[in-house]
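The first sequence begins at 519 in my numbering and counts up one residue at a time.
From the three backbone atoms N, C-alpha and C, an ideal C-beta is built for every residue, glycine too.
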Amino acid sequence: MARPYYVTTPIYYVNDRPHIGHAYSTVAADVVSRYQRLRGNPTYFLTGLDEHGLKIERRAKEERLAPQEFVDRMAAPFRSAWEELDCAHDGFIRTTSAEHRQSVQALWKMMEDRGDIYLDDYEDWYCVGCESFKTVKELLEGNLCAIHRAPVERIKERSYFFRLSNYTKPLLDFYEAHPEFVQPDARFNEVKSFVQEGLRDLSISRTSFRWGVPVPDDEEHVVYVWLDALTNYISALGGPAPEGVAPLYDEFWTSAHTITHIVGKDILRFHAVYWPAFLLSAGVRVPSQIWAHGWLTVNGEKMSKSLGNFLPPGPLVEAFGADVLRYYFMREVGFGQDGDFSHRNLINRYNGELANGLGNLMNRIVASIVKKNLDGRVPRVGLDALEDADRDLIDKAKAASHEAAQHLEALAFHRALDASWELVSAANKYVDSTEPWKLAKQGAQQRLEQVCYTVLETLRWLSIMLFPVMPNKCNELRAQIGMPPLLPTEGVDLWPSAWGGLRPGIETRAATPLFPRLDQLQERSILERLGVDTSGSHAK
RNA sequence: GGGCCCAUAGCUCAAUUGGUUAGAGCCCCCGGCUCAUAACCGGGUUGUUCCUGGUUCGAGUCCAGGUGGGCCUACCA
């Protein structure tokens, strides 16, 4: 049964250059999409760029470029960053594209037809510190902002409004009916309590700048950037459109089994409140889940302009390779929680888990035992000759595969990797306890073959289980055990479940270690090349 | 001011939703092995589960208060 899966990243504001925060979101979405493809589900992975707004207009002027020229230049580094990180998106939406602009206007009209848009003068209290309007309820006595404890001002402007106030109840009902709409749960609580306060109509047009999508039939106004930006998720698919007009939209929006928006915690409200409200108004299907992940700090410090520590992913990919960086992102921090990106931890995990754990497991069997004693071929074995130790490892493989799949479904990447590494560890223990090198010396050929097959097949399982996170390394691993690269195919579930998929007789191809261990000299030179201070307290 | 979440080993985190003696990885120490990338395997040390009180046969888990930390609290990121 086809279960179309749609996963998106936020569209990144092209005012910035790509940094590891962007990379983190994008890698997560890529892992989700690769997992879904492995399961045989039709999958669409969207990322893209938000290219409108006042800041862009200003930046372009500073650079003496037309806004379009400016965003075209800024878009290039994002495209190449995702290519370097092997984030294989199906779509790359840019909000300045003609298709997107049409979609925004189409959605606007649908909301307008519903009677949810009106033009009005708006006047309310405004906190300069917050740069936002405040309701009377939010103010402290004496008209003070609750956050800044400073007086608020009365401000008036003319704009189009969306009747968000009409959606307080529908949204709360929707949340009630979809208890996993927002993840993690704690974030969902924040969203609910925000809505429970009662929603106010939302200003959805601006006259203060021009660089945006014109409001239909009123060129004075441009569409509020968030309404513009959020529409990307359907405009990229050709929507909104009646059935039969836009095939991608029909498959991955209207009738998708799952629609997951991966977002940073800072933009949760727009996705969990405004976006579903807009869609409810327009009569369009609402996504399945909004997943708000946490922030990365860098070596314990917050990323900020003043510290100038926005790490671009490029040099890290160059130093460690895309797969290693992807692995680190997914392994180090629980998805949904804040975490730290630390060069030291990255190297520790590389050496401890990738090199010593997985890499060495493959190497000791493929490049050594099988090569020397079995002429490099996958042995022929019978399932009736299984011993307890073999059955035990097979059971562990099945348990790990099952667990990893469950965690990947739930976007609990760190737990999925945890489960996989329990299998790596079990396999290393198995090799130690069965002592294949002794079996070879004793001439216990049949037992030796059984043991080698069990480990090789375990490696085959791991090459699939880890594929969403490390596609290249997994294919390298597969090449070494004589398997072709994984080719996910719609309708075919490749996730390992049946033991014995590795064909006897095929030739393994021992090659260089998958993850060569870094010695202290190499570590230091990598860190120096990346400009990381190795003398300080972080480099213990 | 209002609300949400968190606090468990030196570090990062678990603990099947109230059930035996609170676990795992990393780090450190000791031992074994020697097929392998100075890799691997085994063993060991470390706890006032933030504090005070309460409910209960039984509390890391539930309740109250406190302390400390993070987050949300209406647009242009």
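Next on the checklist: Looking at the strands, I want to know which residues DSSP matches up with residue 777.
Outcome noted: For residue 777, the pairing in a beta bridge is given by DSSP as 524.
Checklist entry - Does the Cβ of residue 949 have 16 or more other Cβ atoms within 10 Å, making it buried, or fewer, making it exposed? => result In the assembly as shown, residue 949 is a buried residue. Its beta-carbon has 16 or more other beta-carbons within 10 Å.
Checklist entry - Is the stretch 975 to 983 in contact with the stretch 1009 to 1019, if contact means three or more CB pairs nearer than 8 Å? => result The stretch 975 to 983, when compared against the stretch 1009 to 1019, does touch it at the 8 Å Cβ threshold.
Item to check | Top-ranked residue by Cα proximity to residue 603, from 719, 585, 543 and 909 | outcome: Taking residue 603 as reference, the option from 719, 585, 543 and 909 with the minimal CA-CA separation is 543.
Checklist entry - Can you name the start and end residues of the alpha helix (DSSP H) that residue 748 belongs to? => result Taken as a continuous stretch (DSSP letters only), the alpha helix (DSSP H) holding residue 748 covers 743 to 748.
Next on the checklist: Which complete beta strand (DSSP E) runs does the stretch 756 to 808 hold, if anything under 3 residues is left out?
Outcome noted: For the stretch 756 to 808, whole beta strand (DSSP E) runs of length 3 or above, ordered along the chain, are 776 to 782.
Checklist entry - Going along the chain, which residues of its own chain have a beta-carbon closer than 8 Å to the beta-carbon of residue 713, five neighbours each way excluded? => result Hits under 8 Å: 686, 689, 690, 693 and 791.
Next on the checklist: According to DSSP, is residue 1058 part of a helix, a strand, or is it coil?
Outcome noted: Reliability of the predicted coordinates at residue 1058 is poor, the pLDDT of 30 falling under 50, and no value is obtained from them.
Next on the checklist: What does DSSP give as the partner residue(s) for residue 507 in the beta ladder?
Outcome noted: Any question about residue 507 goes unanswered here, given that the chain covers just 519 to 1058.
Next on the checklist: Between which two residues does the alpha helix (DSSP H) holding residue 713 run?
Outcome noted: In the DSSP annotation of this structure, the continuous segment of the alpha helix (DSSP H) that includes residue 713 starts and ends at 703 to 714.
Checklist entry - Is the beta carbon of residue 755 less than 7 Å from the beta carbon of residue 771? => result Between residue 755 and residue 771, the CB-CB gap stays under 7 Å.
Next on the checklist: Counting beta carbon pairs with one atom in the stretch 563 to 574 and one in the stretch 587 to 602, are three or more of them shorter than 8 Å?
Outcome noted: Touching, per the Cβ criterion.
Item to check | residue 707, buried or exposed, once every other Cβ within 10 Å from all chains shown has been counted against 16 | outcome: So residue 707 counts as exposed.
Checklist entry - Excluding the five sequence neighbours on either side, which residues of its own chain have a C-beta within less than 7 Å of the C-beta of residue 837, listed in chain order? => result Cβ contact annotation for residue 837 (same chain, cutoff 7 Å, sequence separation greater than five): 1044, 1047 and 1048, in chain order.
Checklist entry - Taking just the CA atoms, how far does residue 848 sit from residue 525? => result Near 17 Å, if we compare the C-alpha coordinates of residue 848 and residue 525.
Next on the checklist: Taking the beta strand (DSSP E) that residue 534 belongs to, which residues open and close that run?
Outcome noted: For residue 534, there is no enclosing beta strand (DSSP E), as DSSP gives it neither H nor E.
Next on the checklist: Let's test the definition: count the other Cβ atoms within 10 Å of the Cβ of residue 881 and tell me whether it reaches 16, buried, or not, exposed.
Outcome noted: Counting Cβ neighbours within 10 Å, residue 881 comes out buried, since at least 16 surround it.
Item to check | Extent of the continuous beta strand (DSSP E) to which residue 1026 belongs | outcome: It is not in any beta strand (DSSP E) - residue 1026 carries neither H nor E in the DSSP assignment.
Item to check | Beta-carbon proximity of residue 1036 to residue 869, cut-off 7 Å | outcome: Here residue 1036 is near residue 869, since their CB atoms are less than 7 Å apart.
Next on the checklist: Buried or exposed for residue 742, going by 16 or more other Cβ atoms inside 10 Å?
Outcome noted: It counts as buried.
Next on the checklist: At 4 residues or longer, what runs of the alpha helix (DSSP H) sit wholly inside the stretch 542 to 625?
Outcome noted: Those alpha helix (DSSP H) runs which fall completely within the stretch 542 to 625 and span 4+ residues are 572 to 580 and 585 to 602.
Checklist entry - Taking buried to mean at least 16 other C-beta atoms within 10 Å of its own C-beta, is residue 998 buried or exposed? => result Taking all protein chains shown into account, residue 998 has 16 or more neighbouring C-beta atoms within 10 Å of its C-beta and is therefore buried.
Item to check | Residue closest to residue 535, alpha-carbon to alpha-carbon, out of 1040, 813 and 595 | outcome: Proximity to residue 535 across 1040, 813 and 595 peaks at 595, based on C-alpha coordinates.
Checklist entry - Whose C-beta lies closer than 6 Å to the C-beta of residue 554 among residues of the same chain, with five residues either side of it excluded? => result The residues are 523 and 561.
Checklist entry - Under the rule that 16 or more other beta-carbon atoms within 10 Å means buried, what is residue 559, buried or exposed? => result Buried, by the Cβ-count rule.
Checklist entry - Thinking just about the alpha-carbon of each residue, which of 799, 565, 900 and 820 is nearest to the one in residue 531? => result Comparing alpha carbon positions, the residue from 799, 565, 900 and 820 closest to residue 531 is 565.
Checklist entry - Under a three-way DSSP split, which group does residue 1015 fall into? => result Here residue 1015 carries a coil assignment [DSSP, helix/strand/coil].
Item to check | Straight-line gap, residue 600 to residue 955 (C-alpha atoms, nearest Å) | outcome: C-alpha separation (whole angstroms): 44 Å.
Checklist entry - Per the contact definition of three or more C-beta pairs closer than 8 Å, is the stretch 908 to 923 in contact with the stretch 968 to 978? => result Touching, per the Cβ criterion.
Checklist entry - Which residues in the same chain as residue 777 place their Cβ atom closer than 6 Å to its Cβ, once the five residues preceding and following it in sequence are excluded? => result So the list reads 524, 805 and 806, once near-sequence residues are dropped.
Item to check | Cβ-Cβ separation, residue 850 to residue 867 (assumed contact under 8 Å), whole Å | outcome: Indeed, because the Cβ distance is near 7 Å, the residues count as touching under 8 Å.
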